[in-house]
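K.L.:
Per mature numbering (1 follows the signal peptide of the UniProt record, and there is no 0), the sequence shown runs over residues -5 to -1, 1 to 304. Just so you know, even glycine gets a beta-carbon here, dropped at the ideal spot from N, CA and C. Supplied in structure tokens, the structure appears directly below.
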Amino acid sequence: MAACGDGGKGTDTPKDDGKITLGFSQVGAESGWRTANTKSIQESAAAAGYELKFSDAQGKQENQIKALRSFIAQKVDVIAFSPVVESGWDTVLKEAKDAGIPVILTDRAVDSADKTLYKTFIGSDFVKEGVVSGEWLVKQYEGKTDPVNIVELQGTTGSAPANDRKKGFADAIAKAPNLKIIASQSGDFTRAGGKQVMEAFLKAHKDIDVLFAHNDDMGLGALEAIEAAGKKPGTDITIITIDAVKDGMQALADGKFNFIAECSPLLGPQLMDLVKKVKNGEAVEPRIVTNETTFTQEQAKAALPDRKY
Ligand code: AHR
């Protein structure tokens, strides 16, 4: 695997050894999910025999744009990336298209109106993850009319999972008018962010019933803040998160979380198949949705021993 964090100073000389060269720009290393996703991509590329040029954007769109331009300059066969945010990709995607390099979106979408700028988008249905989380909560309060105060820890501002999970959850709880989001703020998908924002929520609101965190890591950070405030997570405050990484599943099995909607990071094997197809000019489905499930505390206990990440 070749590293590619050179900020766009690629060379112009392509290698022609018959090996597929894949340029992959990753969001960063903000969460357990991301670490598992990176591992899946690196291991699958090695297993497929591709040369992987991997670049870590450290959460910054400008770093991703530089990496994409570097991949174009190096004339890689295929570019894949997980966009930090949804907007602002048209120019660089057009540059890739003009250079004849197919692009695959993985994990996160872009909001470009021109769908010919990329070949396919493989990843989760983030709106659905928000919907199933909200529906589970509505069910817990079925037949009750007392006010239920919800705080929300959003993912990275402007990212597809933050936008879509927020929307899906809000739509689902709209069916129960007593369920109200009283505060909602970004914790940037990190444990530290989740902890810090939850501390502020707990100071500002004495009557929090539910926390909806857009990922496990923010939920895990929030646990620390809740315990430090003398409250029992999972009992005094119902906690719903998304991802189902091992640490999140452990918290669920331990009764500290109450429900997790799964978001699978294991996109590597399918991505490598798609890379080969687009490199060979074969047709691919424009949208490939990852298979996912949900977990209650009992289901987490049963699933934990076999959890891979
Ligand atoms: O885009 C997927 C999201 O990004 C995961 O839910 C989150 O943990 C990650 O950082």
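For D120 and N58, what's the separation of their Cα atoms in angstroms?
P.N.:
About 26 Å.
K.L.:
If you draw a straight line from the alpha carbon of Q292 to that of G225, how long is it in whole angstroms?
P.N.:
Whole-angstrom Cα-Cα distance: 22 Å.
K.L.:
Kindly confirm or deny that the stretch 151 to 161 and the stretch 280 to 294 touch, where touching means at least three C-beta pairs closer than 8 Å.
P.N.:
Touching, no, given that fewer than three Cβ pairs across the two stretches are closer than 8 Å.
K.L.:
Decide yes or no for the touch test of the stretch 135 to 150 against the stretch 204 to 211: beta carbon pairs closer than 8 Å, at least 3 of them.
P.N.:
Short answer: they touch.
K.L.:
For a test of your reading of the model: does the CB of V22 fall under 8 Å from any non-hydrogen atom of ligand 3? Yes or no.
P.N.:
Ligand 3 is not part of this structure, which contains only ligand 1.
K.L.:
What is the DSSP secondary structure of Q69, counted as helix, strand or coil?
P.N.:
Coil at Q69, not helix or strand.
K.L.:
Let me check you understand the geometry: is the CB of R186 closer than 8 Å to at least one non-hydrogen atom of ligand 1?
P.N.:
R186: no, Cβ never under 8 Å from ligand 1.
K.L.:
At 4 residues or longer, what runs of the alpha helix (DSSP H) sit wholly inside the stretch 160 to 231?
P.N.:
Runs of the alpha helix (DSSP H) inside the stretch 160 to 231: 186 to 199 and 211 to 223.
K.L.:
What's the gap between the Cα of F76 and the Cα of D249?
P.N.:
Their Cα atoms are separated by approximately 35 Å.
K.L.:
Looking at the structure shown, is A43 part of a helix, part of a strand, or coil, going by DSSP?
P.N.:
The answer is helix: DSSP assigns A43 an H, G or I state.
K.L.:
Here's a check: name, in chain order, each residue in its chain whose Cβ is nearer than 7 Å to the Cβ of V22, leaving out the five neighbours to either side.
P.N.:
So the list reads R29, A52, G54, S77 and V79, once near-sequence residues are dropped.
K.L.:
When you compare only the Cα positions, how much space is there between N158 and K175?
P.N.:
Going from the Cα of N158 to the Cα of K175 covers about 18 Å.
K.L.:
Count the other C-beta atoms from every protein chain shown that fall within 10 angstroms of the C-beta of N275, then say buried if there are 16 or more, exposed otherwise.
P.N.:
The residue in question, N275, is exposed, as its Cβ has fewer than 16 Cβ neighbours within 10 Å.
K.L.:
Tell me, which residues are paired with R282 by DSSP?
P.N.:
Its beta-bridge partners are F116.
K.L.:
Classify T140: buried if its beta carbon has 16 or more other beta carbons within 10 angstroms, exposed otherwise.
P.N.:
Exposed is the call here.
K.L.:
Out of I221, L299 and F196, point me to the one whose CA is closest to D242's CA.
P.N.:
Selected option, being the one with the closest Cα: L299.
K.L.:
Take every Cβ of the stretch 210 to 221, pair it with every Cβ of the stretch 60 to 69, and state whether three or more of those distances are shorter than 8 Å.
P.N.:
No, they do not touch.
K.L.:
Are the stretch 251 to 258 and the stretch 224 to 239 touching by the rule of at least three beta carbon pairs closer than 8 Å?
P.N.:
With the cut-off at 8 Å, the stretch 251 to 258 and the stretch 224 to 239 touch.
K.L.:
Throw me the rounded Cβ distance for the L88 and L112 pair, which I believe falls under 8 Å.
P.N.:
That belief holds up - the Cβ atoms of L88 and L112 are roughly 4 Å apart, short of 8 Å.
K.L.:
Could you check if D211 belongs to the surroundings of ligand 1, using beta carbon to heavy atom distance under 8 Å?
P.N.:
Yes.
K.L.:
I think I36 touches Q265, with their Cβ atoms under 8 Å apart; what is that distance to the nearest whole Å?
P.N.:
Incorrect: roughly 11 Å between the Cβ atoms, too far for contact.
K.L.:
Within the same chain, show all residues whose beta-carbon is closer than 7 Å to that of E194, passing over the 5 residues directly before and after it, in chain order.
P.N.:
Hits under 7 Å: A220.
K.L.:
With H, G and I counted as helix, E and B as strand and the rest as coil, what does DSSP make of P9?
P.N.:
Residue confidence for P9 is low, a pLDDT of 49 falling below 50, so the modelled location carries little weight; the figure read from the coordinates is stated next. It is coil, neither helix nor strand.
K.L.:
Should P156 be counted as a contact of ligand 1 given a C-beta to heavy atom distance under 8 Å?
P.N.:
Yes, the beta carbon of P156 sits closer than 8 Å to at least one heavy atom of ligand 1.
K.L.:
I'd like to check one pair, G129 with V71: are the Cβ atoms closer than 9 Å?
P.N.:
The answer is no: Cβ separation not under 9 Å.
K.L.:
Once the 5 residues before and after S107 are set aside, which same chain residues still bring their CB inside 7 Å of it?
P.N.:
W84, D85 and L88.
K.L.:
Which residues does DSSP list as the beta-bridge partners of L100?
P.N.:
F76 and F116.
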